DNA sequence: CTTCGTTCCTGGAAGC
DNA sequence: TGCTTCCAGGAACGAA
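Here you go:
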């Protein structure tokens, strides 16, 4: 599942293929992926636009055009990749034909992905409401502690809220809590200021490591060139339920938190 | 207001 | 072996 580090890697790998290119044609094969505007307008308005830059905010990809912006969310199994030949990748749902014989494909197995083209006052609510990014000054103890004290959610559910912190998903949330030694079911309001400081450091650490390792390919994630990440080889808890903790050897527990599969060490995480 | 459950979707694994 | 059921989960949405 693409989270912040995966989307960042897509951005980096895609940029050299698409920046400066003009969108010659758009072929939408699954209409419901297009959230705004109507599909025919989406296609019509994108034709002839130049892609100036590609950026990331939370888990959103923002392709800044000479007019308007193409916004892409990969959700669970979406991928945006560029090819120089005509070979079509599996599960291709949208084909963007660019100048210089570049094709940018949006592929998606489960078709949860969402795309928008905005050149007016339309607001993508999820994007507009995003909290601060990990690895920035915005994610500070001064910002987060007042929110934590007011929340009765499980701490894991709390840090998964994109309005609180942008970019964490199920993998990095579990990894951050393991790194911080905090049990996922602890209520957010019961986390002390000192523990929260440790958690913020842990979030920054696991996100930075994910970026360094080009993302986590646990199942379907691939970058802008169709390549897998390496971070799955460095995970402490995610996907390791029933296996021994790498720190203490205790068997890692697997539970559900807010409907999400959650793995933690019952000994290291309190 | 907050929090929780449901929904969307497909492929692979697990279960009988 | 072969069929059925379950599970993976980001985020919008409606209900409590």
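Numbering (this note's numbering), first residue to last: 9 to 278. Backbone N, C-alpha and C define an ideal beta-carbon position, used for all residues, glycine too. Predicted model, so just to flag it, every value in this text is computed and none were measured.
Pick from the options: whose alpha carbon is nearest that of residue i?
i: residue 78; options: 10, 51 and 215; result: 51
i: residue 217; options: 227, 230 and 237; result: 237
i: residue 9; options: 116, 43, 62 and 272; result: 116
i: residue 36; options: 48, 19 and 27; result: 48
i: residue 277; options: 140, 130 and 203; result: 203
i: residue 34; options: 21, 125 and 268; result: 125
i: residue 60; options: 101, 27 and 89; result: 27
i: residue 102; options: 108, 89 and 224; result: 89
i: residue 141; options: 94, 68, 179 and 110; result: 68
i: residue 16; options: 248, 176 and 150; result: 176
i: residue 266; options: 193, 108 and 150; result: 193
i: residue 226; options: 128, 178 and 250; result: 178
i: residue 209; options: 247, 224 and 144; result: 144
i: residue 106; options: 224, 118, 235 and 58; result: 58
i: residue 160; options: 171, 173 and 196; result: 196
i: residue 92; options: 18, 233 and 20; result: 233
i: residue 22; options: 41, 180, 64 and 53; result: 64
i: residue 248; options: 164, 272 and 29; result: 272
Suppose you measure from the CA of residue i to the CA of residue j; what does that come to, to the nearest Å?
i: residue 134; j: residue 81; result: 10 Å
i: residue 219; j: residue 13; result: 5 Å
i: residue 270; j: residue 262; result: 6 Å
i: residue 39; j: residue 122; result: 10 Å
i: residue 132; j: residue 182; result: 28 Å
i: residue 166; j: residue 212; result: 16 Å
i: residue 45; j: residue 55; result: 14 Å
i: residue 274; j: residue 258; result: 8 Å
i: residue 199; j: residue 112; result: 44 Å
i: residue 85; j: residue 201; result: 36 Å
i: residue 169; j: residue 162; result: 11 Å
i: residue 239; j: residue 214; result: 10 Å
i: residue 260; j: residue 207; result: 20 Å
i: residue 128; j: residue 109; result: 30 Å
i: residue 114; j: residue 184; result: 30 Å
i: residue 31; j: residue 24; result: 15 Å
i: residue 205; j: residue 149; result: 6 Å
i: residue 229; j: residue 87; result: 7 Å
i: residue 11; j: residue 223; result: 8 Å
i: residue 231; j: residue 172; result: 26 Å
i: residue 119; j: residue 66; result: 20 Å
i: residue 99; j: residue 83; result: 15 Å
i: residue 62; j: residue 19; result: 6 Å
Per DSSP, which one or two residues make a beta bridge with residue i?
i: residue 259; result: 252
i: residue 268; result: 265
i: residue 112; result: 90 and 104
i: residue 36; result: 102
i: residue 125; result: 78
i: residue 195; result: 162
i: residue 30; result: 58
Heavy atom of the ligand ATP less than 8 Å from the Cβ of residue i, yes or no?
i: residue 213; result: Ligands in the displayed structure: none, and consequently the ligand ATP is not present.
(message) Ignoring anything shorter than 3 residues, give me the beta strand (DSSP E) runs that lie fully in the region 42-87, in order along the chain.
(response) DSSP runs (the beta strand (DSSP E)) wholly in the region 42-87: 42-44, 59-65, 68-73 and 77-81.
(message) Using 8 Å as the cut-off, can you tell me whether the region 240-247 makes contact with the region 61-73, which would need three or more C-beta pairs spanning the two stretches below that distance?
(response) Taking a cut-off of 8 Å on C-beta distances, the region 240-247 does not touch the region 61-73, as fewer than three cross pairs fall below it.
(message) Taking contact to mean 3 or more Cβ pairs, one atom from each stretch, closer than 8 Å, check whether the region 156-164 and the region 245-264 are in contact.
(response) Contact fails: fewer than three Cβ-Cβ distances are below 8 Å.
(message) For a minimum of 3 consecutive residues, which ranges assigned as the beta strand (DSSP E) are wholly contained in the region 212-238?
(response) The region 212-238 contains no whole beta strand (DSSP E) run of 3 or more residues.
(message) Does the region 185-196 come into contact with the region 135-146, if we say contact requires no fewer than three beta-carbon pairs (one atom in each stretch) closer than 8 Å?
(response) The answer is no - the region 135-146 does not touch the region 185-196, with fewer than three Cβ pairs under 8 Å.
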